[in-house]
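For reference, the structure is listed below as C-alpha coordinates.
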Amino acid sequence: MNITLIIVIITSIISFSAFSNQKITEQLIFYPPAVTNQKQWYRFFSCALIHADPMHLIFNMLSFYSFGGLVEDTFSYLFGSLGPILYIALYVISQFLCLLPTYTKHKDDYYYRSLGASGAVSAIIFAGIFLNPLARMGLFFIPIPIPGFIFGFIYLGITAYLDRKGAGGINHSAHLFGAIAGIGLLIIFGYAFSPYNLIQNFVEQIRSFSI
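Each residue of the sequence shown is one higher than the one before, counting from 527 in my numbering.
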(Lines of atoms letter the chains of each structure in order from A and count residues from 1; the text may use other names and numbers.)
(Lines give C-alpha, C1' and ligand atoms only; values in the text may rest on other atoms or scores of the structure.)
Protein backbone atom coordinates (compact mmCIF):
# COMPACT_ATOMS: atom_id res chain seq x y z
CA MET A 1 0.00 0.00 0.00
CA ASN A 2 1.57 3.27 -1.13
CA ILE A 3 1.38 6.70 0.50
CA THR A 4 -1.12 7.96 -2.08
CA LEU A 5 -3.62 5.23 -1.27
CA ILE A 6 -3.17 5.77 2.47
CA ILE A 7 -3.98 9.49 2.08
CA VAL A 8 -7.03 8.63 -0.04
CA ILE A 9 -8.30 6.15 2.58
CA ILE A 10 -7.76 8.49 5.56
CA THR A 11 -9.34 11.45 3.74
CA SER A 12 -12.32 9.36 2.62
CA ILE A 13 -12.98 7.96 6.09
CA ILE A 14 -12.90 11.37 7.76
CA SER A 15 -14.90 13.04 4.98
CA PHE A 16 -17.65 10.44 5.11
CA SER A 17 -17.73 10.75 8.89
CA ALA A 18 -18.15 14.51 8.57
CA PHE A 19 -21.02 14.19 6.10
CA SER A 20 -23.22 12.92 8.91
CA ASN A 21 -21.60 14.83 11.77
CA GLN A 22 -21.61 18.61 11.54
CA LYS A 23 -19.45 18.88 14.65
CA ILE A 24 -16.53 17.21 12.83
CA THR A 25 -16.90 19.64 9.95
CA GLU A 26 -16.92 22.65 12.28
CA GLN A 27 -13.81 21.42 14.08
CA LEU A 28 -11.82 20.81 10.89
CA ILE A 29 -13.03 23.35 8.34
CA PHE A 30 -10.80 26.27 7.32
CA TYR A 31 -12.27 29.21 9.22
CA PRO A 32 -9.88 32.19 9.04
CA PRO A 33 -11.12 34.05 12.16
CA ALA A 34 -10.43 30.91 14.23
CA VAL A 35 -6.82 31.14 13.06
CA THR A 36 -6.63 34.88 13.64
CA ASN A 37 -8.25 34.96 17.08
CA GLN A 38 -7.65 31.49 18.49
CA LYS A 39 -4.41 30.55 16.69
CA GLN A 40 -5.95 27.36 15.30
CA TRP A 41 -3.33 26.95 12.60
CA TYR A 42 -4.14 23.26 12.28
CA ARG A 43 -7.16 24.26 10.20
CA PHE A 44 -4.85 24.94 7.24
CA PHE A 45 -4.30 21.17 7.14
CA SER A 46 -7.41 19.65 8.71
CA CYS A 47 -9.72 21.19 6.11
CA ALA A 48 -8.12 18.92 3.49
CA LEU A 49 -9.64 15.94 5.29
CA ILE A 50 -13.25 17.02 4.75
CA HIS A 51 -15.31 17.77 1.64
CA ALA A 52 -18.58 19.46 0.76
CA ASP A 53 -20.31 16.31 -0.53
CA PRO A 54 -19.50 12.84 -1.93
CA MET A 55 -18.98 14.14 -5.48
CA HIS A 56 -16.47 16.72 -4.24
CA LEU A 57 -14.62 13.98 -2.38
CA ILE A 58 -14.70 11.50 -5.29
CA PHE A 59 -13.47 14.09 -7.80
CA ASN A 60 -10.57 15.18 -5.58
CA MET A 61 -9.49 11.69 -4.57
CA LEU A 62 -9.82 10.26 -8.08
CA SER A 63 -7.71 13.12 -9.46
CA PHE A 64 -5.18 12.67 -6.67
CA TYR A 65 -4.97 8.90 -7.09
CA SER A 66 -4.60 9.21 -10.88
CA PHE A 67 -1.49 11.37 -10.54
CA GLY A 68 -0.23 10.55 -7.06
CA GLY A 69 1.03 7.05 -7.73
CA LEU A 70 3.18 8.18 -10.65
CA VAL A 71 4.54 11.21 -8.78
CA GLU A 72 5.24 9.09 -5.71
CA ASP A 73 7.15 6.51 -7.78
CA THR A 74 9.09 9.26 -9.57
CA PHE A 75 10.04 10.80 -6.22
CA SER A 76 11.52 7.47 -5.12
CA TYR A 77 13.57 7.40 -8.33
CA LEU A 78 14.72 11.02 -8.06
CA PHE A 79 15.33 11.24 -4.33
CA GLY A 80 15.98 7.66 -3.23
CA SER A 81 15.14 6.96 0.40
CA LEU A 82 14.04 10.59 0.86
CA GLY A 83 11.39 10.15 -1.83
CA PRO A 84 8.46 9.17 0.44
CA ILE A 85 9.27 11.93 2.95
CA LEU A 86 9.51 14.60 0.25
CA TYR A 87 6.31 13.36 -1.38
CA ILE A 88 4.41 13.77 1.89
CA ALA A 89 6.11 17.14 2.40
CA LEU A 90 4.98 18.30 -1.03
CA TYR A 91 1.37 17.41 -0.26
CA VAL A 92 1.32 18.88 3.25
CA ILE A 93 3.32 22.07 2.62
CA SER A 94 1.34 22.82 -0.55
CA GLN A 95 -1.88 22.47 1.43
CA PHE A 96 -0.63 25.19 3.77
CA LEU A 97 0.75 27.48 1.09
CA CYS A 98 -2.33 27.29 -1.13
CA LEU A 99 -4.46 28.77 1.66
CA LEU A 100 -2.17 31.63 2.66
CA PRO A 101 -3.67 34.05 0.09
CA THR A 102 -7.15 32.98 1.20
CA TYR A 103 -6.25 33.60 4.82
CA THR A 104 -4.79 37.02 4.05
CA LYS A 105 -7.98 38.02 2.25
CA HIS A 106 -10.47 36.56 4.74
CA LYS A 107 -8.66 36.55 8.09
CA ASP A 108 -11.39 38.68 9.70
CA ASP A 109 -14.29 37.44 7.58
CA TYR A 110 -16.67 35.67 9.94
CA TYR A 111 -18.82 34.43 7.05
CA TYR A 112 -16.04 32.69 5.14
CA ARG A 113 -15.27 28.96 5.26
CA SER A 114 -13.36 26.63 2.97
CA LEU A 115 -12.83 22.89 2.83
CA GLY A 116 -11.37 20.18 0.64
CA ALA A 117 -7.98 18.91 -0.52
CA SER A 118 -8.11 20.66 -3.90
CA GLY A 119 -5.02 22.79 -3.28
CA ALA A 120 -2.83 19.85 -2.28
CA VAL A 121 -4.25 17.75 -5.12
CA SER A 122 -3.46 20.54 -7.60
CA ALA A 123 0.11 20.54 -6.28
CA ILE A 124 0.48 16.82 -7.00
CA ILE A 125 -1.11 17.14 -10.44
CA PHE A 126 1.17 20.00 -11.48
CA ALA A 127 4.23 18.29 -10.05
CA GLY A 128 3.27 15.37 -12.29
CA ILE A 129 2.87 17.67 -15.28
CA PHE A 130 6.26 19.25 -14.63
CA LEU A 131 7.92 15.85 -14.43
CA ASN A 132 6.19 14.55 -17.57
CA PRO A 133 4.90 17.55 -19.55
CA LEU A 134 4.15 15.61 -22.73
CA ALA A 135 1.81 13.10 -21.09
CA ARG A 136 -1.63 13.40 -22.70
CA MET A 137 -4.48 14.77 -20.62
CA GLY A 138 -8.13 15.45 -21.37
CA LEU A 139 -10.45 18.36 -20.62
CA PHE A 140 -14.21 17.94 -20.54
CA PHE A 141 -14.66 20.59 -23.25
CA ILE A 142 -11.76 19.29 -25.39
CA PRO A 143 -12.49 15.72 -26.57
CA ILE A 144 -8.94 15.12 -27.84
CA PRO A 145 -6.22 14.57 -25.16
CA ILE A 146 -3.59 17.30 -25.14
CA PRO A 147 -0.04 17.44 -23.72
CA GLY A 148 0.10 18.08 -19.98
CA PHE A 149 2.00 21.37 -20.24
CA ILE A 150 -0.69 22.80 -22.54
CA PHE A 151 -3.39 21.51 -20.21
CA GLY A 152 -1.55 23.19 -17.35
CA PHE A 153 -1.46 26.61 -19.02
CA ILE A 154 -5.17 26.37 -19.91
CA TYR A 155 -6.10 25.25 -16.40
CA LEU A 156 -4.10 28.02 -14.72
CA GLY A 157 -5.58 30.64 -17.04
CA ILE A 158 -9.15 29.51 -16.40
CA THR A 159 -8.56 29.19 -12.66
CA ALA A 160 -7.02 32.67 -12.41
CA TYR A 161 -10.00 34.11 -14.33
CA LEU A 162 -12.55 32.33 -12.12
CA ASP A 163 -10.69 33.43 -9.01
CA ARG A 164 -10.88 37.08 -10.06
CA LYS A 165 -14.57 36.63 -10.82
CA GLY A 166 -15.26 34.85 -7.55
CA ALA A 167 -17.30 32.27 -9.43
CA GLY A 168 -19.38 29.48 -7.95
CA GLY A 169 -18.45 29.82 -4.30
CA ILE A 170 -15.36 27.68 -4.99
CA ASN A 171 -11.94 28.59 -3.62
CA HIS A 172 -10.22 28.88 -7.00
CA SER A 173 -7.34 30.67 -5.28
CA ALA A 174 -6.42 27.42 -3.49
CA HIS A 175 -6.35 25.55 -6.81
CA LEU A 176 -4.16 28.21 -8.40
CA PHE A 177 -1.66 28.61 -5.59
CA GLY A 178 -1.64 24.87 -4.91
CA ALA A 179 -0.49 24.28 -8.49
CA ILE A 180 2.20 26.96 -8.18
CA ALA A 181 3.33 25.56 -4.83
CA GLY A 182 3.59 22.05 -6.26
CA ILE A 183 5.92 23.14 -9.05
CA GLY A 184 7.92 25.49 -6.83
CA LEU A 185 8.50 22.89 -4.11
CA LEU A 186 9.41 20.25 -6.68
CA ILE A 187 12.09 22.51 -8.14
CA ILE A 188 13.44 23.32 -4.66
CA PHE A 189 13.53 19.63 -3.72
CA GLY A 190 15.30 18.87 -6.99
CA TYR A 191 18.06 21.39 -6.38
CA ALA A 192 18.51 20.35 -2.78
CA PHE A 193 18.20 16.58 -2.88
CA SER A 194 18.57 15.21 -6.41
CA PRO A 195 21.42 14.99 -8.94
CA TYR A 196 18.90 15.47 -11.76
CA ASN A 197 18.22 18.89 -13.25
CA LEU A 198 14.44 18.96 -13.25
CA ILE A 199 14.12 22.30 -15.03
CA GLN A 200 16.44 21.15 -17.81
CA ASN A 201 14.46 17.92 -18.11
CA PHE A 202 11.22 19.91 -18.43
CA VAL A 203 12.67 22.26 -21.06
CA GLU A 204 14.16 19.43 -23.13
CA GLN A 205 10.84 17.59 -23.17
CA ILE A 206 9.02 20.74 -24.32
CA ARG A 207 11.60 21.28 -27.07
CA SER A 208 11.05 17.75 -28.32
CA PHE A 209 7.30 18.29 -28.60
CA SER A 210 5.72 17.98 -32.01
CA ILE A 211 2.03 17.88 -32.93
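In this text, a Cβ means the ideal position worked out from N, Cα and C, and glycines have one as well.
Beta-carbon spacing of residue i, residue j below 8 Å
i	j	result
SER648	ALA578	no
GLY595	ASN697	no
GLY645	ASN658	no
ALA544	ILE550	yes
TYR629	PRO558	yes
GLY683	SER620	no
ILE650	PHE590	yes
PHE735	LEU688	no
Residues near residue i by beta carbon distance below 7 Å, same chain, minus five either side
i	result
GLY654	PHE593, LEU596 and VAL597
LEU641	ILE555, PHE556, CYS573, ILE576, HIS577 and ALA578
PRO627	SER699 and PHE703
GLY678	PHE652 and ILE655
TYR638	PRO558 and HIS632
GLN731	PRO659 and LEU660
Closest Cα partner of residue i within the set the options
i	options	result
ASN563	TYR717, TYR636, ASN586 and PHE605	TYR636
PHE728	LEU531, ILE676, GLY695 and PRO610	ILE676
THR537	LYS633, TYR617 and ILE725	TYR617
GLY710	LEU531, CYS624 and GLY695	CYS624
ILE714	GLN566, SER736, LEU604 and VAL561	LEU604
ILE533	LYS565, VAL561, GLU552 and LEU588	LEU588
PHE601	PHE542, PRO721, LYS633 and SER546	PRO721
PHE498	SER607, GLY695, ILE670 and THR685	Here the chain has residues from 527 to 737 only, and residue 498 is not among them.
PHE585	GLN553, ASP634, LYS565 and ALA643	ALA643
DSSP beta-bridge partners of residue i
i	result
PRO673	ARG662
SER572	Per DSSP, none; premise fails for SER572.
SER640	PHE556
Cβ shell of residue i (< 6 Å), same chain only, five flanking positions each side left out
i	result
PHE570	PHE622 and LEU625
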